[in-house]
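Heads up: the sequence shown begins at 85 in our numbering, then just goes up one per residue.
Yeah, the Cβ is synthetic: ideal placement off N, Cα and C, and Gly gets one too.
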Amino acid sequence: MVKSLRIRGKEPLDGNVMISGSKNAAIPCIAAGILTDEPIILHNVPAIEDIHTLCEILAAMSVKVSYDDERTTLRMQCINPSSDIPPLLSTKMRGATLLMGTLLARCGEVIFESYGGCPIGERPIDYHLDAFRKLGAKIDTKGNQIRVSAKKLKGTLIELPFPSVGATENSILAACCAKGMTTIVNMAVEPEVMNLIEMLGKMGMQYTFDVAKSRIDIEGKTNLQGIRHSIIPDRLEAGTYSVAAAITKSSITIHPVVEAHISQVIQALRDARGTIELESGMTMRADFSDICLSPFKIETGPFPAFPTDLQPQFTSLSTQAEGRTSIIETVFENRFGHVPELQKMGAKIQISQRELTIDGPVSLKGAHVTATDIRGGMALILAALCAEGSTTVNGFEIIERGYDSLESKLSNLGANIEVIEDEEQHK
Ligand code: UD1
85 MVKSLRIRGK EPLDGNVMIS GSKNAAIPCI AAGILTDEPI ILHNVPAIED
135 IHTLCEILAA MSVKVSYDDE RTTLRMQCIN PSSDIPPLLS TKMRGATLLM
185 GTLLARCGEV IFESYGGCPI GERPIDYHLD AFRKLGAKID TKGNQIRVSA
235 KKLKGTLIEL PFPSVGATEN SILAACCAKG MTTIVNMAVE PEVMNLIEML
285 GKMGMQYTFD VAKSRIDIEG KTNLQGIRHS IIPDRLEAGT YSVAAAITKS
335 SITIHPVVEA HISQVIQALR DARGTIELES GMTMRADFSD ICLSPFKIET
385 GPFPAFPTDL QPQFTSLSTQ AEGRTSIIET VFENRFGHVP ELQKMGAKIQ
435 ISQRELTIDG PVSLKGAHVT ATDIRGGMAL ILAALCAEGS TTVNGFEIIE
485 RGYDSLESKL SNLGANIEVI EDEEQHK
């Protein structure tokens with residue numbers, strides 16, 4: 085359904101916000117559930133559209149999936165999965181690519197037609213396919229269709245050219261059922277990858293992990309077992325709400341937050357002159373009341389560097405800082421879709437290759453703007469929270485793919501927002 089969000093800006097925020105489970109951790113963990121025929125129970129799953137789509141894909145592949153009433157506990161059991169990923173559903177989300185590694189490991193083949201996701205760059209899957217090849221798989225392509233097959237996957241050395249999150253996860257998922265030892269070097273060490281490794285360890289995967297060398301050694305095993313596992317809190321959602329506090333010069337409490345997952349983000353918030361306090365029990369207080377925001381410098385990169393998925397939100401924030409902010413995007417080559425929309429609202433932003441230079445503060449004005457991707461769309465909502473007058477953000481359904489209960493969480497903090505569905509939005 086096509087939706088817009090109408091926001092009347094300049095309302096101060098106040099109160100507490102509960103952070104949901106991480107989308108980017110839940111997706112690979114659900115994919116991992118296919119590796120066993122025993123029941124898997126996942127707690128703290130976010131109730132968002134991408135997870136719903138993934139569950140539809142699994143159901144179409146004969147995997148039993150059910151939710152509790154609040155859609156935060158997911159039960160799944162995979163007795164005899166089909167190796168065909170339904171293309172109409174997989175075009176809706178990039179994360180469906182993670183079914184390749186698990187289905188290859190479980191069924192010996194996977195047929196995959198297309199994959200979707202946010203338009204933030206080329207996003208090829210060559211590292212994933214190269215890793216499967218190294219594990220002994222054959223890749224056949226016909227038009228858009230990719231068939232990856234292997235009678236038996238064999239342990240190997242996989243050296244990733246870049247610590248790609250998805251390629252690391254797919255390599256691990258395939259390798260944990262391969263015969264013999266697989267070593268993955270230059271792997272991604274994002275908290276979401278660690279959450280997957282922790283789950284696979286409980287399922288019986290044998291491994292040793294060296295964080296300093298970004299390397300994992302996995303001894304393949306075929307009989308993985310059913311387990312219960314909790315998805316980590318969403319560090320990107322926590323970072324986004326802290327920007328909501330900063331951009332409205334408010335003070336809010338965010339819970340639960342794992343400090344080690346967002347240390348670069350906390351640093352950037354402190355550079356902007358916010359008071360960020362972490363209490364025991366994973367509660368973060370972000371206080372920006374009555375301050376003049378300072379400009380800051382950010383360079384995105386693989387964890388533990390500043391996350392690319394918070395770059396758009398901090399771009400919005402920088403429009404309110406007193407001076408010139410520099411933001412360098414090193415992960416994706418085309419992650420500036422939010423910039424022309426912010427410029428419509430009055431932002432002074434220059435793009436030079438992968439660097440943004442933002443001059444502030446500017447008084448943003450309400451406008452009609454359009455989300456092209458989850459995080460870029462969220463950046464527009466954040467800008468609207470501090471803009472004069474009313475802003476309509478089209479494509480709210482894209483943003484909701486990644487943010488659980490966004491409308492109610494923002495309303496509870498005091499934002500003046502209203503969701504407009506279908507034909508009403510163009511009135
Ligand atoms: C995941 C996250 C996404 C986040 C990104 C980077 C999920 C579902 N999505 O995406 O929110 O923005 O990590 O933290 O977890 N690349 C290649 N070839 C490949 C794979 C990647 O060239 O085969 C390039 C990409 O084009 C990109 C870079 O590597 O420039 C990083 O991409 P990657 O880490 O793989 O991102 P995703 O796993 O797609």
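Would you be able to state if there are at least three C-beta pairs under 8 Å between the region 249–261 and the region 181–200?
-> Contact annotation: the region 181–200 touches the region 249–261, with at least three C-beta pairs closer than 8 Å.
Local Cβ density within 10 Å of residue 229, reported as buried at 16 or more and exposed below that = Label assigned to residue 229: exposed.
Nonlocal neighbours in the same chain, by C-beta distance under 6 Å from residue 302, ignoring five residues either side = Around residue 302: 259, 260, 266, 291.
Does the beta-carbon of residue 511 have 16 or more other beta-carbons within 10 angstroms, so that it is buried, or is it exposed?
-> Any reading at residue 511 must be qualified, since the residue scores a pLDDT of 45, below 50, and its modelled position is unreliable; the value itself is stated next. Burial check for residue 511: the Cβ neighbour count within 10 Å stays below 16, so the residue is exposed.
Three-state class that DSSP yields for residue 453 in the structure shown | Residue state, collapsed to three classes: strand.
Just to check, is the beta-carbon of residue 272 closer than 7 Å to a non-hydrogen atom of the ligand UD1?
-> Residue 272 has its Cβ nearer than 7 Å to a heavy atom of the ligand UD1.
Identify, in the order they occur along the chain, each residue of the same chain with its Cβ nearer than 6 Å to the Cβ of residue 308, setting aside the five sequence neighbours on each side.
-> Result list for residue 308: 119, 120, 287, 288, in chain order.
Taking only heavy atoms of the ligand UD1 into account, decide whether any of them is closer than 7 Å to the Cβ of residue 151.
-> No, the beta carbon of residue 151 sits no closer than 7 Å to any heavy atom of the ligand UD1.
Residue 108 to residue 282 span [Cα, whole Å] | Residue 108 and residue 282: Cα-Cα distance of roughly 15 Å.
Is it the case that the CB of residue 276 approaches a heavy atom of the ligand UD1 more closely than 7 Å?
-> Answer for residue 276: yes, Cβ within range of the ligand UD1.
Can you name the start and end residues of the alpha helix (DSSP H) that residue 398 belongs to?
-> According to the DSSP assignment, residue 398 belongs to the alpha helix (DSSP H) that extends over 395–402.
Opposing strand residues paired with residue 313 [DSSP bridges] | Bridge partners of residue 313: 126.
Determine, using beta carbons only, whether residue 488 comes closer than 8 Å to chain C.
-> Note that chain C does not occur in the displayed structure, where there is just one protein chain.
Grouping DSSP H, G and I as helix and E and B as strand, with all else coil, what is residue 105?
-> Three-state result, residue 105: strand.
The ligand UD1 heavy atom lying under 7 Å from the CB of residue 391 = Flag set: Cβ of residue 391 near the ligand UD1.
Assign residue 357 to one of three DSSP states: helix, strand, or coil.
-> Residue 357 falls in the coil class under three-state DSSP.
Please report how far the alpha carbon of residue 296 lies from the alpha carbon of residue 273, in whole angstroms.
-> The C-alpha of residue 273 is placed about 10 Å away from the C-alpha of residue 296.
Excluding the five sequence neighbours on either side, which residues of its own chain have a C-beta within less than 7 Å of the C-beta of residue 404, listed in chain order?
-> Taken in chain order, the residues that qualify are 331, 377, 444, 445, 470.
State yes or no: is the C-beta of residue 99 within less than 8 Å of the C-beta of residue 365?
-> No, the pair does not count as a contact, with Cβ atoms beyond the cut-off.
Which ranges would you report for the beta strand (DSSP E) in the region 319–375 if only whole runs of at least 3 residues count?
-> Taking only runs of at least 3 residues, the beta strand (DSSP E) segments lying wholly in the region 319–375 are 335–339, 359–363, 367–371.
Proximity to residue 104 [Cα-Cα], best of 315, 197, 450 | Taking each of 315, 197, 450 in turn and checking the Cα distance to residue 104, the smallest one comes out for 315.
Please determine, among 300, 284, 411, 429, the residue with the shortest C-alpha to C-alpha distance to residue 239.
-> The residue with the shortest Cα to Cα distance from residue 239 is 300.
For residue 334, the nearest candidate out of 326, 317, 372 (CA to CA) = Comparing Cα-Cα distances from residue 334 to each of 326, 317, 372, the minimum goes to 372.
Under the rule that 16 or more other beta-carbon atoms within 10 Å means buried, what is residue 418, buried or exposed?
-> Counting of Cβ neighbours within 10 angstroms places residue 418 among the exposed residues, the total staying below 16.
CB of residue 467 within 8 Å of CB of residue 400, strictly | Yes, the Cβ-Cβ distance between residue 467 and residue 400 is below 8 Å.
Paired residues, beta bridge with residue 151 - DSSP | According to DSSP, residue 151 shares a beta bridge with 158.
Hey, could you find the ends of the alpha helix (DSSP H) residue 246 is sitting in?
-> Unbroken run through residue 246: none, as it is neither H nor E.
When the Cβ atoms of the region 389–400 are set against those of the region 205–225, are three or more pairs found closer than 8 Å?
-> No, the region 389–400 does not touch the region 205–225.
What do you reckon, is the C-beta of residue 424 under 7 Å from a heavy atom of the ligand UD1?
-> It does not: the Cβ of residue 424 is nowhere closer than 7 Å to a heavy atom of the ligand UD1.
What number of angstroms, rounded off, separates the C-alpha of residue 462 from the C-alpha of residue 271?
-> Spanning the two alpha carbons is a distance of roughly 28 Å.
When the Cα atoms are used, what is the spatial distance from residue 150 to residue 158?
-> Rounded to whole angstroms, the separation of the alpha carbons of residue 158 and residue 150 is 6 Å.
Collapsed DSSP secondary structure at residue 282 in the structure displayed = The answer is helix: DSSP assigns residue 282 an H, G or I state.
Report buried or exposed for residue 241, applying the criterion of at least 16 other Cβ atoms within 10 angstroms of its Cβ.
-> Taking all protein chains shown into account, residue 241 has fewer than 16 neighbouring C-beta atoms within 10 Å of its C-beta and is therefore exposed.
Compute the minimum distance between the beta carbon of residue 415 and the heavy atoms of the ligand UD1, and state whether it is under 7 Å.
-> Indeed, a heavy atom of the ligand UD1 lies less than 7 Å from the Cβ.
Out of 160, 496, 234, which has the shortest C-alpha to C-alpha gap to residue 325?
-> For the residues 160, 496, 234, the minimum Cα distance to residue 325 belongs to 496.
Using the DSSP secondary-structure output, state which residues sit across from residue 293 in a beta bridge.
-> DSSP output for residue 293 lists 300 as bridge partner(s).
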